[in-house]
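Numbering (our numbering), first residue to last: 56 to 358.
Notes follow once the structure below has been shown.
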Amino acid sequence: MNRICLPILLLAAFAVSSCNYHKVIDGEPLGEFFRAPTNESSVYADKVLDYTPAPGQFINADVILPTAEAACAWAKERLDSKQFVSLGAFGGYIVVGFDHSIVNLGGDCFAVYGNAISGGSEPGIVWVSQDTNGNGRPDDEWFELRGSDYNADGSLRNYSVTYYRPSAPGQRVRWTDSEGQEGTIDYLAAYHKQDYYYPAWIPGAEYTLTGSRLKAHNYDQSGNGSYWVNPDYGWGYADNYNDVHKKDATFRIDDAVDATGKPVILKYIDFIKVQTAVNAKSGWLGELSTEVLGFEDLSINVR
Ligand SMILES: [Ca+2]
Ligand SMILES: [Ca+2]
Numbered sequence: 056m057n058r059i060c061l062p063i064l065l066l067a068a069f070a071v072s073s074c075n076y077h078k079v080i081d082g083e084p085l086g087e088f089f090r091a092p093t094n095e096s097s098v099y100a101d102k103v104l105d106y107t108p109a110p111g112q113f114i115n116a117d118v119i120l121p122t123a124e125a126a127c128a129w130a131k132e133r134l135d136s137k138q139f140v141s142l143g144a145f146g147g148y149i150v151v152g153f154d155h156s157i158v159n160l161g162g163d164c165f166a167v168y169g170n171a172i173s174g175g176s177e178p179g180i181v182w183v184s185q186d187t188n189g190n191g192r193p194d195d196e197w198f199e200l201r202g203s204d205y206n207a208d209g210s211l212r213n214y215s216v217t218y219y220r221p222s223a224p225g226q227r228v229r230w231t232d233s234e235g236q237e238g239t240i241d242y243l244a245a246y247h248k249q250d251y252y253y254p255a256w257i258p259g260a261e262y263t264l265t266g267s268r269l270k271a272h273n274y275d276q277s278g279n280g281s282y283w284v285n286p287d288y289g290w291g292y293a294d295n296y297n298d299v300h301k302k303d304a305t306f307r308i309d310d311a312v313d314a315t316g317k318p319v320i321l322k323y324i325d326f327i328k329v330q331t332a333v334n335a336k337s338g339w340l341g342e343l344s345t346e347v348l349g350f351e352d353l354s355i356n357v358r
């Protein structure tokens with residue numbers, strides 16, 4: 056080996072090692088169950104681990120899904136073809152995983168795509184989790200990503216809504232909440248004619264969804280019920296116009312907080328959950344429901 060070759064070989068070795076995520080993050084071990092990305096890793100979510108929407112006008116619309124497994128498979132197919140998956144009214148959620156852990160390199164780490172238009176925001180709160188017990192299941196602690204309205208008036212943590220199965224086709228879905236309120240998800244006979252808006256695969260006469268709630272800001276701008284506005288929120292939410300169009304719907308793992316609101320440092324995550332964050336309806340448009348169209352790891356491009 057001559058003196059010219061040696062630097063070239065060293066450069067080549069560096070180029071190879073820089074493709075290795077462990078080198079990018081200074082060789083620091085990230086945890087027992089950390090799954091390092093490889094050159095074959097997909098930037099997109101490769102599994103839907105839970106799809107539990109609240110009742111809504113898009114639920115049971117195209118197909119009657121018999122089981123939770125069928126619902127996850129259906130949602131995965133929708134995301135793969137870039138079609139929206141509706142989470143229904145407040146508390147409805149989806150959980151996705153990737154074929155690797157998403158590394159927190161600081162800044163924007165991943166994107167959640169939605170279909171918000173200006174004045175048509177239906178914010179969903181984004182949660183993240185590490186597979187700390189290594190079983191591949193999202194049964195570990197969840198951390199909320201704090202958005203602009205985390206401490207705003209009307210924001211609530213541990214807010215629950217119970218939905219009651221309608222007894223006949225074409226009926227509205229009644230709900231009660233942990234604040235002592237009650238209301239209905241209305242049946243929109245002119246637009247969404249399926250028999251039931253209550254998810255077909257969820258057993259029992261009722262079910263309860265719990266999460267963080269944002270205050271609803273929707274209003275009837277026309278004064279006669281013809282034109283409803285669902286205003287945009289500041290930042291940090293899925294299916295929120297300001298995020299979708301101004302910030303590319305990107306999210307920072309560094310915004311994670313624990314149940315007490317204390318910031319949490321996560322070096323990586325394995326699961327993302329999005330959950331409809333408002334309990335509101337806009338007249339003939341019906342309930343506000345977060346929609347998601349895809350999940351993308353942005354940190355992987357740093358390789
Ligand atoms: Ca787990
Ligand atoms: Ca939407």
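All C-beta atoms, glycine included, are put in the ideal place defined by N, C-alpha and C.
In chain order, Leu134, Phe139, Val140, Leu142, Ile149, Val167, Tyr168, Gly169, Gly179, Ala293, Asp294, Val329 place their CB closer than 8 Å to the CB of Val347, counting only its own chain and leaving out the 5 sequence neighbours on each side.
Around the Cβ of His155, a 10 Å sphere holds 16 or more other Cβ atoms; the residue is buried. In the three-state DSSP reduction, Glu177 falls in the coil class, being neither helix nor strand.
For Arg133, the enclosing alpha helix (DSSP H) has its first and last residue at 123 to 135. Short note on Gly143: C-beta not closer than 7 Å to any heavy atom of ligand 2.
CA-to-CA, the gap between Ser267 and Ser344 works out to about 14 Å.
Taking 7 Å as the cut-off, one finds no heavy atom of ligand 2 near enough to the beta carbon of Asp298. Separation of Ala126 and Leu104 (C-alpha to C-alpha, rounded to the nearest whole angstrom) is 10 Å.
Each of Ala245, Gly278, Trp290 was checked against the Cα of Gly341, and the nearest Cα belongs to Ala245. Across the structure, Leu120 and Ala128 are spaced so that their CA atoms are roughly 10 Å apart. A straight-line Cα-Cα distance of about 15 Å links Gly259 and Trp230. The criterion of a C-beta distance shorter than 8 Å is not satisfied by Gly291 and Gly349.
Here Trp230 carries a strand assignment [DSSP, helix/strand/coil].
In this chain, the beta strand (DSSP E) harbouring Lys328 covers 323 to 331. Listed by position in the chain, the residues whose beta carbon lies within less than 6 Å of some heavy atom of ligand 1 are Asp186, Asn188, Asn190, Arg192, Asp194, Asp195. Look at Asp287: its beta carbon is at least 7 Å from all of the heavy atoms in ligand 2. In this structure, Ser215 is the residue among Arg227, Ser215, Lys322 with its C-alpha nearest to the C-alpha of Ser233. Cα atoms of Trp182 and Phe198: separation of roughly 5 Å, rounded to the nearest angstrom. No Cβ-Cβ contact shorter than 8 Å links Asp275 with Ser176. Residue range 102 to 107 is occupied by the beta strand (DSSP E) that includes Lys102. Exclusion of the five residues before and after Tyr282 leaves Asp275, Gln276 as the residues of its chain whose Cβ lies within less than 8 Å of its Cβ.
The C-beta distance from Lys102 to Gly147 rounds to 19 Å, too long to meet the 8 Å contact threshold.
Residue range 148 to 158 is occupied by the beta strand (DSSP E) that includes His155. Proximity to ligand 2 was defined by a C-beta distance below 7 Å to any of its heavy atoms, and the residues meeting it, in sequence along the chain, are Gly169, Asn170, Ala171, Gly175, Glu177, Asp294, Ser344, Thr345, Glu346.
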